[in-house]
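Enquirer:
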Amino acid sequence: MNPETTPPQETEPRPPTPENAPAEMSAVPAERNEASSSPDIEADRLDADAVRVLLRLRQHGHEAYLVGGCVRDLLIGREPKDFDIATSATPNQVKALFRNCRLIGRRFRLAHVYFKGGKILEVSTFRAMPNIVEEPQPSEAQEGEVQSVGTEHIAEADAEALVALENNQDVPSAPVEDVQDEVAVPPDAPVAPDLLITEDNTFGTAVQDARRRDFTMNGLFYDPSIGRVIDYVNGLRDLAGLQIRTIGDPEVRMREDPVRILRAVRFAGKLELDIESRTYAAMEGAVEDLPRCSPPRLLEETFRLLRGGHATPALKLVTALDALKILLPPVAEYVDAQEPEGVAEDWRFVEAMDEAVRRRVMDDGREPGRGVAFDDSMLLASILLPISLDEPEAPGEDDGSKPPSVAQAIEQLLSQLVQKARLPRRIAERCRMILMAQRTLAGLRRRRGGLMGFRGHPLFAESLAVFEVWVRATGEHQDQLEKWKAGGAPQPTADAPGPRRRRRRRRRGGGGGGEASGGSGGPPPAAQ
9 MNPETTPPQE TEPRPPTPEN APAEMSAVPA ERNEASSSPD IEADRLDADA VRVLLRLRQH
69 GHEAYLVGGC VRDLLIGREP KDFDIATSAT PNQVKALFRN CRLIGRRFRL AHVYFKGGKI
129 LEVSTFRAMP NIVEEPQPSE AQEGEVQSVG TEHIAEADAE ALVALENNQD VPSAPVEDVQ
189 DEVAVPPDAP VAPDLLITED NTFGTAVQDA RRRDFTMNGL FYDPSIGRVI DYVNGLRDLA
249 GLQIRTIGDP EVRMREDPVR ILRAVRFAGK LELDIESRTY AAMEGAVEDL PRCSPPRLLE
309 ETFRLLRGGH ATPALKLVTA LDALKILLPP VAEYVDAQEP EGVAEDWRFV EAMDEAVRRR
369 VMDDGREPGR GVAFDDSMLL ASILLPISLD EPEAPGEDDG SKPPSVAQAI EQLLSQLVQK
429 ARLPRRIAER CRMILMAQRT LAGLRRRRGG LMGFRGHPLF AESLAVFEVW VRATGEHQDQ
489 LEKWKAGGAP QPTADAPGPR RRRRRRRRGG GGGGEASGGS GGPPPAAQ
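Take 9 as the starting number for the sequence shown in this note's numbering and just add one per residue.
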């Protein structure tokens, strides 16, 4: 092997997995017997295309490793969403080796390598400090309708490159630029050292690249050629201990990029890990800096909290950190205004949404209202549904020719998200229509031509899926749901459009916000 590409050695032995760790954590390598030939990660669990890209970089004299989330997920027994590669090769050197490659980004230039079937492998060059603003990286623009600042062009470029590849054409070679986040600084703010990072193209070594990442569990490298995890940051220790810990001083790391608060919350909810105490304390202190991040980044990370079926523990952590008022102000105000009983019901809506999202991942998609995947408009509608059901609607025409509008608080939120956070108008409008459809599905609003005609509405399946969240959360309207799912339609109630749900507010001066009150003094359990 070329001496320049010899992999670095681990800085400390890997610890054994705790006896009380769940079964899926048993894949974390224990202290290794150097005479053992068993790899830390079985070869058949690796992506073949990623291994081929890595080996080709190695053959041309570059260091290259699998890195980050894919290594973490493989070690804890999960299937990675994607496989990323870190290398000593510069972006231009990577481009020269792969004709199916395109350079992406300005604040963090990297290479996307495309394969038929829609696969995109992200190849990044080892970086030194300053650190990258980790989330969302350009390739993550393809995950949903919402993109961070500038990455909508990258998503379009990825789609263009994949179409060219499917047609056996050359991938366009023009670099695709993103733009860096704007930093909002009040004009009267005192001049002080600013830790917020907006650009990162300072190349470095593998050690520097590992240490500039956000959390120890995301700083692991894997070398398939020797079958070993390379750990410069004690990530294996923290994975074995089921903890999320920043690399370096947590106060500094959270101030560098406050969106890391939401990343930590998402990982805690998704992976069922606890947040280390100093890291949690730093998150509490940096919440005030979240508004400095660009609204599109905050919105995208908010949707990432809602996707995947793990929104309940994530949003409970967000609420405990007092960050919900920054991400979704009307939801925070609504929860804060309620008595404990009402707060508990609101959480049942989120739990029902999570259950529906997880169920639809495995559904074959053949049954209307069950097989439809939860897109961002449906997720947003599910979160706003309690507000929509409790707030009065603007009245429509008696004959149903003019539908009522949704609650004013929801209209204002959607308008703000469109104007300031670049929420696509299509998603906002779909969310609005899904919410307006809920009373129709419950038989609480008459419709011209009868309710049966609503089955032909373009958003019927999506609206029915959200209606099921309402039914599962409250136990109301079960009969109406079954009639819709059986291919029929319920009869409107005699007093349609019907009464709204009674709103349960806290008594003035009563104190005690139940689950809505923020917590401090240490992290709550990751998933209760």
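Beta carbons: idealized from backbone N, C-alpha and C, even for Gly.
With DSSP run on the structure shown, which of helix, strand or coil describes A119?
Expert: Reduced to three states, the DSSP call for A119 is strand.
Enquirer: With DSSP as the reference, label K124 as helix, strand or coil.
Expert: coil
Enquirer: Tell me whether M460 is buried or exposed, calling it buried when 16 or more other Cβ atoms sit within 10 Å of its Cβ.
Expert: Counting of Cβ neighbours within 10 angstroms places M460 among the exposed residues, the total staying below 16.
Enquirer: Less than 7 Å between the beta carbons of V380 and A450, yes or no?
Expert: no
Enquirer: Do you know how far the Cα of A415 is from the Cα of I395?
Expert: 7 Å
Enquirer: If you reduce the DSSP assignment to three classes, tell me which class S132 lands in.
Expert: Taken through DSSP and simplified to helix, strand or coil, S132 comes out as strand.
Enquirer: Is it right to say S423 is buried, meaning 16 or more other beta carbons lie within 10 angstroms of its own, or is it exposed?
Expert: That one is exposed.
Enquirer: Are there 16 or more other CB atoms within 10 angstroms of the CB of I234, so buried, or fewer, so exposed?
Expert: With a 10 Å radius around the Cβ and a threshold of 16 neighbouring Cβ atoms, I234 comes out exposed.
Enquirer: Taking the CB atoms as reference points, tell me whether R263 and A294 lie closer together than 7 Å.
Expert: The Cβ atoms of R263 and A294 lie closer than 7 Å to each other.
Enquirer: What does the alpha-carbon distance come out to for the pair D398 and T482?
Expert: 13 Å
Enquirer: Can you tell me whether DSSP reads E190 as helix, strand or coil?
Expert: Caution is warranted here: a pLDDT of 42 is assigned to E190, below 50, making its placement in the model unreliable, and no coordinate value can be reported.
Enquirer: Should P266 be labelled buried (16 or more other beta-carbon atoms within 10 Å of its own) or exposed?
Expert: buried
Enquirer: Going by Cα to Cα distance, which pick from D330, A319, V326 and E341 is closest to L388?
Expert: A319
Enquirer: Determine the burial state of D178: buried for a count of at least 16 other Cβ atoms within 10 Å of its Cβ, exposed for fewer.
Expert: The residue in question, D178, is exposed, as its Cβ has fewer than 16 Cβ neighbours within 10 Å.
Enquirer: Look at the Cβ atom of P99, then the Cβ atom of L111, and state whether they are nearer than 7 Å.
Expert: yes
Enquirer: Going by the DSSP bridge assignment, what does V237 pair with across the sheet?
Expert: Y230
Enquirer: Can you give me the start and stop residues for the beta strand (DSSP E) that R110 sits inside?
Expert: Residues C109 to I112.
Enquirer: Can you find the residues in the same chain that come closer than 6 Å, C-beta to C-beta, to D246, ignoring five residues on each side of it along the sequence?
Expert: T224, M225 and R253
Enquirer: So what does A72 bridge to, in DSSP terms?
Expert: T95
Enquirer: Provide the residue span of the alpha helix (DSSP H) that contains E437, from first to last.
Expert: Residues R433 to L449.
Enquirer: Just mark Q499 as buried or exposed, buried being the case when its beta carbon has 16 or more other beta carbons within 10 Å.
Expert: exposed
Enquirer: For L421, I'd like the list of residues in its chain whose CB is within less than 6 Å of its CB, leaving aside the five on either flank, ordered along the chain.
Expert: Within the same chain, P338 come within 6 Å of L421 by CB-CB distance, once the 5 residues on both sides are set aside.
Enquirer: Is G243 buried or exposed, if buried means 16 or more other CB atoms sit within 10 Å of its CB?
Expert: buried
Enquirer: Can you give me the start and stop residues for the alpha helix (DSSP H) that F475 sits inside?
Expert: F468 to T482
Enquirer: So the candidates are R300, M361 and R312; which of them puts its Cα closest to the Cα of I334?
Expert: Selected option, being the one with the closest Cα: R300.
Enquirer: Quick check: the stretch 70-80 against the stretch 88-106, are at least 3 beta-carbon pairs closer than 8 Å?
Expert: yes
Enquirer: For I435 and L314, I'd like the C-alpha separation in whole angstroms.
Expert: Each residue's alpha carbon lies about 15 Å from the other.
Enquirer: Suppose contacts are defined by Cβ-Cβ distances below 7 Å. Is V75 in contact with F275 by that definition?
Expert: no
Enquirer: Going by the CB atoms, is the gap between R438 and S385 shorter than 7 Å?
Expert: yes
Enquirer: Output needed for Q488: all residues of its chain with C-beta closer than 7 Å, excluding positions within five of it in sequence on either side, in chain order.
Expert: L449, A450, G451 and P498
Enquirer: Under the rule that 16 or more other beta-carbon atoms within 10 Å means buried, what is D202, buried or exposed?
Expert: Confidence is the limiting factor: at D202 the pLDDT is only 46, short of 50, which leaves the residue's position unreliable and the question unanswerable from this model.
Enquirer: Secondary structure at T210, three-state DSSP: helix, strand or coil?
Expert: Annotated three-state conformation of T210 is coil, per DSSP.
Enquirer: Give the straight-line distance between the Cα atoms of E353 and A56, rounded to the nearest whole angstrom.
Expert: 46 Å
Enquirer: Below 8 Å on the Cβ atoms is my guess for V131 versus V171; work out the distance and round it to an integer in Å.
Expert: So it is not a contact: roughly 21 Å between Cβ atoms.
Enquirer: Applying the criterion that 16 or more other CB atoms from any shown protein chain within 10 Å of the CB defines a buried residue, is E32 buried or exposed?
Expert: Low local confidence applies: a pLDDT of 42 at E32 is under 50, so the model's placement there is unreliable, and no value is given.
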